[in-house]
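Enquirer: Below you will find the structure I want to go over with you.
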Amino acid sequence: MSRLGVKVGSVSLKSPLILASGTCNFGHELSEYYDLSILGGLSSKGLTIRPRAGNEGVRVAETYAGMLNSVGLQNPGVDYFIEHDLDYMRSLNTGVIVNVAGHSYDDYMEMIRKLEPHKDKIDALEINLSCPNVKAGCMSIGSDPDQVFEVVSGMRSLTGLPLWIKLTPNVTDIKSVAYSAQKAGADAVVLINTMLGMVIDIRTKRPVLHNNTGGYSGPAIKPVAVRMVAECSKALSIPIIGCGGIMDYKDVIEFMIAGASAVEIGTASLIHPTCPVDITEDLEKYCEENNIDISSLTGTLQLW
Amino acid sequence: MSRLGVKVGSVSLKSPLILASGTCNFGHELSEYYDLSILGGLSSKGLTIRPRAGNEGVRVAETYAGMLNSVGLQNPGVDYFIEHDLDYMRSLNTGVIVNVAGHSYDDYMEMIRKLEPHKDKIDALEINLSCPNVKAGCMSIGSDPDQVFEVVSGMRSLTGLPLWIKLTPNVTDIKSVAYSAQKAGADAVVLINTMLGMVIDIRTKRPVLHNNTGGYSGPAIKPVAVRMVAECSKALSIPIIGCGGIMDYKDVIEFMIAGASAVEIGTASLIHPTCPVDITEDLEKYCEENNIDISSLTGTLQLW
Amino acid sequence: MNREYSCKILKRDMLTSDTAYLTIECADIANRAVPGQFVNVSCSRFLKRPFGIASVDTSAGTFNIGIKVVGAGSSELASIEEGSIVNVLGPLGNGFDLSASDSFILVSGGTGVFPINFAYETLRSKGKNVTMVQGFRDKSQVCLTSDEYIVTTDAGDYGIKGTCIAGLDTLKIEGNTTVCCVGPVPMMKAVGNWASGKGLKCYISMEQRMACGIGICLVCVCKKKAEEEGIPFEHVRCCKDGPVFEFGEVIL
Amino acid sequence: MNREYSCKILKRDMLTSDTAYLTIECADIANRAVPGQFVNVSCSRFLKRPFGIASVDTSAGTFNIGIKVVGAGSSELASIEEGSIVNVLGPLGNGFDLSASDSFILVSGGTGVFPINFAYETLRSKGKNVTMVQGFRDKSQVCLTSDEYIVTTDAGDYGIKGTCIAGLDTLKIEGNTTVCCVGPVPMMKAVGNWASGKGLKCYISMEQRMACGIGICLVCVCKKKAEEEGIPFEHVRCCKDGPVFEFGEVIL
Ligand SMILES: Cc1cc2nc3c(=O)[nH]c(=O)nc-3n(C[C@H](O)[C@H](O)[C@H](O)COP(=O)(O)OP(=O)(O)OC[C@H]3O[C@@H](n4cnc5c(N)ncnc54)[C@H](O)[C@@H]3O)c2cc1C
Ligand SMILES: Cc1cc2nc3c(=O)[nH]c(=O)nc-3n(C[C@H](O)[C@H](O)[C@H](O)COP(=O)(O)OP(=O)(O)OC[C@H]3O[C@@H](n4cnc5c(N)ncnc54)[C@H](O)[C@@H]3O)c2cc1C
Ligand SMILES: Cc1cc2nc3c(=O)[nH]c(=O)nc-3n(C[C@H](O)[C@H](O)[C@H](O)COP(=O)(O)O)c2cc1C
Ligand SMILES: Cc1cc2nc3c(=O)[nH]c(=O)nc-3n(C[C@H](O)[C@H](O)[C@H](O)COP(=O)(O)O)c2cc1C
Ligand code: FES
Ligand code: FES
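And the structure:
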């Protein structure tokens, strides 16, 4: 294994770089740009039990150093995914992370039951308890430590697959939510999903997004994400996957120092689709120059 | 009164533009740059009962489209302020907002008792329940609706001065916190103070800020601030003062449409000290062109 | 493999007071582009900006885009200095099916003039029979035109007064003809209906706010009639499944 | 009234491989600046960057700053194109008290050479007696120097080998002399102590990370011995109360 290999609990990845859910679809499009096998993994677009058309109207708003989206979990449904996309993802020769969303406890259980028979093709399930763009479930579950505990415990009893719980930053105390996930048997937490925001078109006096609010991503949210990773790193014993605003290799290193075992690249792929190629090269160079394995950075933050 | 006049409850201001606490000190320095009487008001640096030296070491970290600060409420103490700065602020011929911070319920009560005798010189008290840079009180009080209710009720019983409660965005549900403030008798809420963030120096593997974390301000936080103003505007009957990332007149209009009766300009003054002059001119032009009084914009947001 | 290009702006002309025409160096894009495709171009804002490819010069290794100033990004790009470097993704999306017939009617409104210009040049070089109908708001907006084209203006201060339909109604349709129309939605609707009435196949091109431009983020969707029953509509990506659709394929 | 200026970069010279010297147009700043003051200069990053004023030409209406590349902002400014516009706040802060005596010893280390250069020029034009001592890391860093100066290098490949103190120790002190020293903290400590030992008044200049540069945000503080008892220290603003302090005034 090269200097970039990392482990997220029991899951070995050849690189700490994972493409974040919703910013790589199922890999087809980006594989026209580079060989995705250089990645540690790919997290599928968020899946639900039934196909979802997602939100109507304008779904993107630009901001300083970032963007809001309100896609609203458009996806073909988990059955279609299993039939049409899972094998393709597996064929990419990189970690296969299946991102799972739902409106209720039962939804999440049903999703696990549907995916469990395909466990040989899946490296980890990423449980989205944090999407701000759907009316029920998701973020509202992920904002409440008790509900997080309940949902994660339920899923834990149904599968032996690694459960990565993706959390929302829109909470007062991220540590207590993350700790609930850990107590319930999560294998890792993913920090962070998007922040809830709004942009108003002052000419029309209406929100730019037809869903009114949307999820804020990009470099603008990085300082919040890094802070949450550092906070949780002290409070948890399970690994953390860092996410939020990563644009270059220095951002990756920052997240790993803060406590991340691996990271996810989201919005950066939308701006520069091949940025993971550059980041991989730069990380390799960094490891060479410092004569380290990248995994040795995790949690090396020294507080004042 | 010109087209820019606004009312925040019982307080009349000649413009919606207020300089945010901690970004204008007590006005002395900025009055070397422009005539502060064009402003709606000036919010003093956050004051505490005793003088505070603030945090040691590096207190600022640059981010994409913003900055973190960890000043930690350095201030000369409220007694010194009353003796040396209050009359000066009053002489500026603009709204005098006194920003008040504390570590505990008792601190806040004591501050009110000290300021109440000078009520003739004060247009409003801005109660900082949201500073992320001090160990106890402040943000931890402001994250809990019950404590907010208690502190605001206590202050309400001690003063007839307008109480503007400045809240932290680092909460799961800003509406419930703001609603507590309203129920307890607040005259307005100020949304938002800084977001809690961290920047790590990857060379030293230490946070740039010697306080480890700091308050994130600037354009990067605007979408979150606007969303919170819009959310609270629907839930509250008291006025809202918008704050967070305002750089130009369009940002002011965006906040007012979202529901703000007035706004505060923070970090923008650090980057362009005379920006309020330009913003004032642009707002006047906007009002002329649209033949409106600026106050008519408040809460005109039409959701989808 | 596709990639992001760093491209030099070789030339910037102003076509009208608020519309620039950029000549951009990139042999790959010039060689691969087909009419109806677009490029996503960086500016100092966070997201790239999509523009239809207006022309290519494969021997010079350049392509052109036309930029009408509507906001911050377009105004920055419309006043960019020659010699500057921009990042470009492209060619993106699906173009018109120019093998659909031997006769074409090309209809453009507003900035639709740009992708339609590329279609015109390509069809002429293939020796096809092409009629060009251009609709503009008023004379000040007229650009990339020719005496051979039918031009309409809403204001009536240039060419035929009225919409494109007024122009189209002057035509005699012969044999197997395909219509390609790019412009504002109401116009594409009208032209599409006009074509349907005549039994002609019609392509249109959609504009949606985009982020990636390459199909991975799903922010740029158009509504499409669902194939399955019970589902009112599906969402297709303007950038990847379009921007060119057959009229009737997406709900306007 | 003070204000923010939009200034043209008239000239950019490289003094060493990683140090640029900019000539910036702004008559106001040139006229008002005194040695030891600084300017806060915009770049494409969010915050401005502070640089000591290295020289002024009041007749040309220009001033100079020297920029050593240490990170993103300084490297951008050190390679800025002539003719570019930057936003500048200044002159900021308090300078040296150049009326303190008739004889001065000026000591600089590293980029301290820039503000000290301005002090030198000003004192010479006032006809004062000035001795200049410059300390550099090695020969490659030497700039803004003269044969009349005492130069030391840590590496010993230019001038006297050693620190500024080695240079200072070669001096004979006469009459009422003031020392001004700008450089790394350890050096200012050493020079300050050297001066105290000789009973000389000594000014130093502090560097702190800044945001506003004008005294309103309190992020740039230095520790000062508190005047009141019971309080271990006070915080003073480097930008507004400094950057020049008397040695001993702030805790190094
Ligand atoms: C496939 C496609 C082809 C296009 N071809 C051309 C062309 O050839 N010539 C031309 O002048 N314009 C064209 N446009 C429109 C052009 O992309 C917008 O005018 C431009 O993005 C506006 O950017 P701005 O920063 O000036 O406007 P702002 O309003 O400041 O931009 C804010 C955001 O909205 C987006 N946006 C604004 N208007 C549009 C729009 N009409 N369509 C899509 N996104 C928009 C911007 O990209 C940006 O993300 C095309 C759009 C699409 C989708
Ligand atoms: C009063 C004063 C006068 C100065 N005079 C000069 C001069 O004449 N010539 C010169 O080359 N340099 C001078 N400096 C240092 C100069 O400001 C920094 O080298 C520069 O800000 C670095 O910016 P960067 O983006 O390259 O570095 P980065 O490390 O990328 O900057 C990150 C942040 O840290 C700040 N920062 C980094 N290093 C310093 C530093 N040493 N002092 C203060 N802030 C820093 C930056 O301003 C920025 O906000 C002076 C600093 C001060 C405070
Ligand atoms: C367009 C878009 C769609 C997204 N869809 C999903 C999703 O379906 N499921 C999910 O868990 N996160 C989704 N996210 C969140 C990202 O995976 C990521 O957590 C977030 O964008 C922060 O990272 P970034 O700043 O690097 O983009 C989406 C983000 C964007 C920008
Ligand atoms: C350097 C600095 C110091 C601040 N000090 C205070 C303070 O003492 N009291 C307070 O209520 N808010 C303080 N704030 C928060 C601002 O008043 C404002 O709420 C915040 O910066 C968001 O607005 P902005 O993005 O326009 O800066 C401070 C902000 C900054 C940047
Ligand atoms: S813009 Fe991303 S899918 Fe179309
Ligand atoms: S930098 Fe703002 S007070 Fe010094």
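Those protein sequences? They're chains A, B, C and D, same order as listed. Numbering of the first sequence is given in my numbering, commencing with residue 1 and proceeding in unit increments. Numbering of the second sequence is given in my numbering, commencing with residue 305 and proceeding in unit increments. Numbering of the third sequence is given in my numbering, commencing with residue 609 and proceeding in unit increments. Numbering of the fourth sequence is given in my numbering, commencing with residue 861 and proceeding in unit increments. A virtual CB, placed ideally from N, CA and C, is assigned to each residue, including glycine. The model shown is predicted, which means the values in this text are computed figures rather than measured ones.
Within its chain, find whatever has a CB closer than 7 Å to the CB of glutamate 1109/D; leave out the 5 residues flanking it on each side and keep chain order.
Expert: Answer for glutamate 1109/D: Lys1084, listed in chain order.
Enquirer: Verify the contact flag: glycine 489/B, CB atom, against every heavy atom of ligand 3, threshold strictly below 8 Å.
Expert: No, ligand 3 has no heavy atom inside 8 Å of this Cβ.
Enquirer: Could you check if arginine 745/C is buried or exposed, using at least 16 other CB atoms within 10 Å of its CB as the buried criterion?
Expert: By the 10 Å Cβ count, arginine 745/C comes out exposed.
Enquirer: Starting from asparagine 432/B, trace the alpha helix (DSSP H) in both directions and tell me its first and last residue.
Expert: Premise fails: asparagine 432/B lies in the beta strand (DSSP E), 428 to 432, not in any alpha helix (DSSP H).
Enquirer: Could you tell me which residues DSSP pairs with threonine 876/D in its beta bridges?
Expert: Answer is Thr879/D, bridged to threonine 876/D.
Enquirer: Flag methionine 371/B as yes if its beta-carbon sits less than 9 Å from any beta-carbon of chain D, otherwise no.
Expert: Taking Cβ atoms only, chain D reaches closer than 9 Å to methionine 371/B, which makes this a yes.
Enquirer: Compare the C-beta of lysine 349/B against all C-beta atoms of chain D and say whether one is closer than 9 Å.
Expert: Yes, contact with chain D.
Enquirer: Please confirm whether threonine 666/C and cysteine 751/C have their CB atoms less than 9 Å apart.
Expert: In this structure, cysteine 751/C does not lie closer than 9 Å to threonine 666/C by Cβ.
Enquirer: Answer yes or no: does any C-beta atom of chain D fall closer than 9 Å to that of tyrosine 392/B?
Expert: Judged by the 9 Å Cβ criterion, tyrosine 392/B is not in contact with chain D.
Enquirer: For the beta strand (DSSP E) that contains asparagine 695/C, what are its first and last residues?
Expert: First-last of the beta strand (DSSP E) with asparagine 695/C: 693 to 700.
Enquirer: Alpha carbon to alpha carbon, how far is alanine 668/C from valine 649/C?
Expert: Going from the Cα of alanine 668/C to the Cα of valine 649/C covers about 20 Å.
Enquirer: Along the chain, where does the alpha helix (DSSP H) containing glycine 1146/D start, and where does it finish?
Expert: Because chain D is modelled from 861 through 1112, residue 1146/D falls outside the range shown and cannot be assessed.
Enquirer: Using a 10 Å radius around the Cβ and a threshold of 16 neighbouring Cβ atoms, would you call threonine 1023/D buried or exposed?
Expert: Per the 10 Å Cβ criterion, buried.
Enquirer: Here's the rule: buried if 16 or more other CB atoms are within 10 angstroms of the residue's CB, otherwise exposed. What is proline 421/B?
Expert: The residue in question, proline 421/B, is exposed, as its Cβ has fewer than 16 Cβ neighbours within 10 Å.
Enquirer: Glycine 361/B versus chain A: which residues are under 8 Å apart at the beta carbon?
Expert: Within 8 Å Cβ-Cβ: Trp304.
Enquirer: Could you tell me the alpha carbon to alpha carbon distance between leucine 429/B and proline 1103/D, rounded to whole angstroms?
Expert: Approximately 34 Å, taken between the alpha carbons.
Enquirer: Would you mind sorting glycine 285/B into buried or exposed? The rule is 16 or more other CB atoms within 10 Å of its CB.
Expert: Because residue 285/B is not part of the residues shown, which for chain B are 305 to 608, the question remains open.
Enquirer: Could you check whether the Cβ of valine 528/B sits closer than 9 Å to any Cβ belonging to chain D?
Expert: Not closer than 9 Å to any Cβ of chain D, the Cβ of valine 528/B fails to qualify, so no.
Enquirer: Mind checking whether the beta-carbon of valine 759/C lies closer than 8 Å to any heavy atom of ligand 6?
Expert: Outside the cutoff, so no.
Enquirer: So, helix, strand or coil for aspartate 424/B, using DSSP?
Expert: Here aspartate 424/B sits in helix by DSSP.
Enquirer: Measure the alpha-carbon distance for serine 813/C versus alanine 562/B and round it to whole angstroms.
Expert: When rounded, the distance between both Cα atoms is 35 Å.
Enquirer: On a Cα-Cα basis, can you pick out the residue from Ile637/C, Val677/C and Gly644/C that is closest to alanine 628/C?
Expert: Alanine 628/C has its Cα closest to that of Val677/C, out of Ile637/C, Val677/C and Gly644/C.
Enquirer: For glycine 142/A, tell me which candidate among Leu303/A, Thr194/A, Cys287/A and Tyr33/A has the shortest Cα-Cα distance.
Expert: Per the Cα distances, Thr194/A.
Enquirer: Compute the minimum distance between the beta carbon of valine 1079/D and the heavy atoms of ligand 6, and state whether it is under 8 Å.
Expert: Yes, since a heavy atom of ligand 6 falls inside the 8 Å radius drawn around the Cβ of valine 1079/D.
Enquirer: Is there contact between the region 1023 to 1039 of chain D and the region 322 to 340 of chain B, where contact requires at least three CB pairs shorter than 8 Å?
Expert: The region 1023 to 1039 of chain D vs the region 322 to 340 of chain B: no contact.
Enquirer: Going by DSSP, which residues form a beta bridge with tryptophan 164/A?
Expert: Glu126/A and Ala188/A.
Enquirer: Any Cβ of chain A within less than 9 Å of the Cβ of phenylalanine 841/C?
Expert: Yes, because at least one Cβ of chain A sits closer than 9 Å to the Cβ of phenylalanine 841/C.
Enquirer: Let's test the definition: count the other Cβ atoms within 10 Å of the Cβ of lysine 986/D and tell me whether it reaches 16, buried, or not, exposed.
Expert: So lysine 986/D counts as exposed.
Enquirer: Counting only Cβ pairs nearer than 8 Å, list the residues of chain C close to serine 249/A.
Expert: Here the sequence assigns tyrosine to residue 249/A, which means serine is not the residue at that position. The premise fails here: tyrosine 249/A is roughly 17 Å from chain C at the closest Cβ pair, so nothing lies under 8 Å.
Enquirer: Could you check whether the Cβ of alanine 1071/D sits closer than 8 Å to any heavy atom belonging to ligand 6?
Expert: Because some heavy atom of ligand 6 lies under 8 Å away, the Cβ of alanine 1071/D counts as near it: yes.
Enquirer: In whole angstroms, give me the CA-to-CA distance for phenylalanine 453/B and leucine 196/A.
Expert: Each residue's Cα considered, the two are about 25 Å apart.
Enquirer: Would leucine 167/A and serine 130/A be called neighbours here (beta carbons separated by less than 9 Å)?
Expert: A contact, by the Cβ cut-off of 9 Å.
Enquirer: I want to see whether chain B comes within less than 9 Å of leucine 829/D, judged by CB atoms only; does it?
Expert: The structure shown does not extend to residue 829/D, since chain D spans only 861 to 1112, so no value can be given for it.
Enquirer: Taking isoleucine 545/B and tryptophan 468/B to be in contact with their CB atoms under 8 Å, please state how far apart those CB atoms are, rounded to whole angstroms.
Expert: Confirmed, about 6 Å.
Enquirer: To the nearest angstrom, how far is the alpha carbon of isoleucine 688/C from that of arginine 620/C?
Expert: So the alpha carbons of these two residues sit roughly 8 Å apart.
Enquirer: Just checking, does the region 333 to 349 of chain B make contact with the region 396 to 408 of chain B on the three C-beta pairs under 8 Å criterion?
Expert: Taking 8 Å as the limit for Cβ pairs, the verdict is that the region 396 to 408 of chain B does touch the region 333 to 349 of chain B.
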